[in-house]
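Remarks on the structure that follows.
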Amino acid sequence: MTPNTSSSQAGQDEGELGSAPTAIQWRPATSSDLEDMAKLEADLFPVDAWSIEVFQQEFDLVPETRSYWVGREVPRDPLDALDHDGSGPLVGYAGISFLGPESEIMTFAITRSHQGQGLGTQFLKKLVNLARVHECKQMFLEVRADNNAAFALYNRAGFIEGERRKRYYNDGVDAILMSKDLGYEDHHGLKSTDQNSAS
Ligand SMILES: CC(C)(COP(=O)(O)OP(=O)(O)OC[C@H]1O[C@@H](n2cnc3c(N)ncnc32)[C@H](O)[C@@H]1OP(=O)(O)O)[C@@H](O)C(=O)NCCC(=O)NCCS
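See below:
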């Protein structure tokens, strides 16, 4: 995935006569995205949302050990695109860390109004590809034990359930550690198949 060139078409027909599907551009996050990211974070993670300051600390680690991305709608009317580097409303964001052969999804979110449209799946594929570009062999994440939507998404993308961390979150809910093998070449030089993977 090449920074600033990665964009993709996704979205739903809004049901209006002649309306085109909404285009989404996925691109590296910049400081102009911070406020919207923190707002979405507070909406989706009421128990332990990251503040703008925490996001800023994470941004400070880019590009050495972190990569942060956002998805924004591409406005149909360029005059609607005067903010946020010329792009439209925030659709989602994600951050991953890299440490040698290991990568970790630090945060991952799709706005409520865009959920259930396949965008989480699409974004996750990009993160997995990004980790592979960084030559990571494994990807990890933590998910709340009561987060059925996220658990199902990761499971379908080939993440396997691991250790359970008791009462990990501020409200006492357990965390489930999940991991995904990012592929390897066996002694025949064949790539692992990733049968159930969205990547
Ligand atoms: C988890 C999240 C990122 C999923 O994004 P999304 O764009 O809605 O996901 P998709 O539309 O690609 O759905 C992919 C799969 O996830 C699962 N899923 C999505 N929404 C679901 C829901 N409400 N209930 C159960 N499973 C759900 C399904 O398996 C779905 O596949 P299907 O549509 O074929 O059944 C999104 O719901 C979200 O941002 N939630 C709040 C923040 C969060 O929990 N982040 C993850 C922290 S670890």
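For what it's worth, the numbering used here labels the leading residue of the sequence shown as 1, then goes sequentially. Glycine included, C-beta positions come from ideal geometry on N, C-alpha and C.
Presumed contact (8 Å Cβ cut-off) between residue i and residue j, rounded CB distance
i      : j      : result
Arg66  : Ser97  : 5 Å
Ile24  : Glu35  : Between Glu35 and Ile24 the Cβ distance is about 20 Å, and since that is not below 8 Å, they are no contact.
Val62  : Tyr93  : In fact, because the Cβ distance is near 13 Å, the residues do not count as touching under 8 Å.
Asp48  : Asn170 : 5 Å
Gly88  : Glu64  : No, Gly88 and Glu64 are not in contact; Cβ-Cβ is about 30 Å, not under 8 Å.
Ser179 : Met139 : 7 Å
Ala109 : Leu44  : 5 Å
Leu90  : Leu40  : 6 Å
Nearest candidate by alpha-carbon position, reference residue i, set the options
i      : options                        : result
Val173 : Ala152, Glu35, Val143          : Val143
Tyr111 : Gly162, Gly120, Ser103         : A small fix is needed here, since residue 111 is Thr in this sequence, not Tyr. Here the closest residue by C-alpha is Gly120.
Glu163 : Tyr154, Arg156, Ala157, Ala175 : Ala175
Ser32  : Phe55, Thr22, Thr107, Pro46    : Phe55
Gly100 : Ala131, Phe59, Met106, Thr107  : Ala131
Asn200 : Tyr168, Leu177, Met106         : No statement about residue 200 is possible, as the shown extent of the chain runs from 1 to 199 and does not include it.
Phe59  : Ala157, Thr30, Phe123          : Thr30
Gln57  : Val91, Arg27, Thr22, Met106    : Met106
Ala145 : Tyr168, Gln117, Gly118         : Tyr168
Trp26  : Leu141, Lys137, Tyr68, Gln115  : Tyr68
Thr205 : Gln117, Ala42, Pro46, Pro28    : Lying outside 1 to 199, the shown extent of the chain, residue 205 is not represented and no answer is given.
Status (buried if at least 16 other CB within 10 Å, exposed otherwise) for residue i
i      : result
Lys166 : exposed
Ser103 : buried
Ala152 : exposed
Leu182 : buried
Glu135 : exposed
Ile160 : exposed
Gly95  : buried
Ala157 : buried
Val128 : buried
Val133 : exposed
Ala38  : buried
Pro3   : With a pLDDT of 33 at Pro3, under the threshold of 50, the predicted position of this residue should be treated as unreliable, though the coordinate-derived value follows. The residue is exposed, with fewer than 16 neighbouring Cβ atoms inside 10 Å.
Asp186 : Note that Asp186 scores 43 on pLDDT, short of 50, meaning its location in the model is unreliable; the coordinates nonetheless yield the value given after this. Result: exposed.
For residue i: DSSP bridge partner residues
i      : result
Asp181 : Gln138
Glu104 : Ser97, Phe140
Arg27  : Val70
Ala175 : Arg144, Arg165
Ala109 : Tyr93
- Can you list the beta strand (DSSP E) stretches of 3 or more residues lying completely in the segment 33 to 102, in chain order? Whole beta strand (DSSP E) segments, 3+ residues: 66 to 73, 90 to 99.
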